[in-house]
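Numbering-wise, the numbering used here puts 64 at position 55 of the sequence shown, and it's gapless, one number per residue. The structure appears below as structure tokens.
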Amino acid sequence: MARVSASCCGGSARPVPEDVRSAYSDSYNDLPMLSLVGDPCAINPDARLRHHARDQGWRIRDYRTGRKAARLGLVAGAVAGAAAGSVAAAAAIRRGQVS
């Protein structure tokens with residue numbers, strides 16, 4: 010059995026069973042644990058873990074991306090609509106259609 014370092018597990022080294030082949034985390038703080046398994050995976054990782062996972066060739070799964078894209082799409086649509094409305098209103102005022 011491998012041992013997880015004390016800094017990884019709150020103060021005491023704990024055995025990791027041999028049949029534990031994968032682990033996942035979202036924090037760079039869990040790097041010691043992830044380094045002990047054969048199949049580490051970074052899930053919604055913080056920036057430092059993402060960078061390390063890329064360097065090591067680990068799997069990275071980010072399930073926040075869809076929500077971010079949807080939120081940005083709504084904001085972009087609202088901004089574009091407001092801009093188009095402003096341009097139309099300005100054009101109408103110039104032509105004297107609105108007083």
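Every residue gets a Cβ at the ideal spot worked out from N, C-alpha and C, and that includes glycine. Since this is a predicted model, take the numbers as computed values, not measurements.
Judged by DSSP in its simplified three-state form, arginine 70 adopts strand. In terms of Cβ geometry, leucine 45 and histidine 61 do not form a close pair [threshold 8 Å]. For serine 44, there is no enclosing beta strand (DSSP E); the enclosing alpha helix (DSSP H) has its first and last residue at 40 to 45. In this structure, the beta-carbon distance from methionine 42 to serine 31 does not fall below 8 Å. Taking the C-beta atoms as reference points, tyrosine 37 is found nearer than 8 Å to arginine 57. Secondary structure of serine 31 (DSSP, three-state): strand.
Inter-residue distance for glycine 94 and arginine 59 is about 41 Å (C-alpha atoms, whole angstroms). Spatial neighbours of aspartate 55 in its own chain (CB-CB distance under 7 Å, excluding positions within 5 residues in sequence) are listed in chain order as Asp35, Ser36 and Tyr37. Aspartate 55 sits in coil when the DSSP states are folded into three classes, being neither helix nor strand.
Judged by their CB atoms, arginine 63 and isoleucine 52 are not nearer to each other than the 8 Å cut-off.
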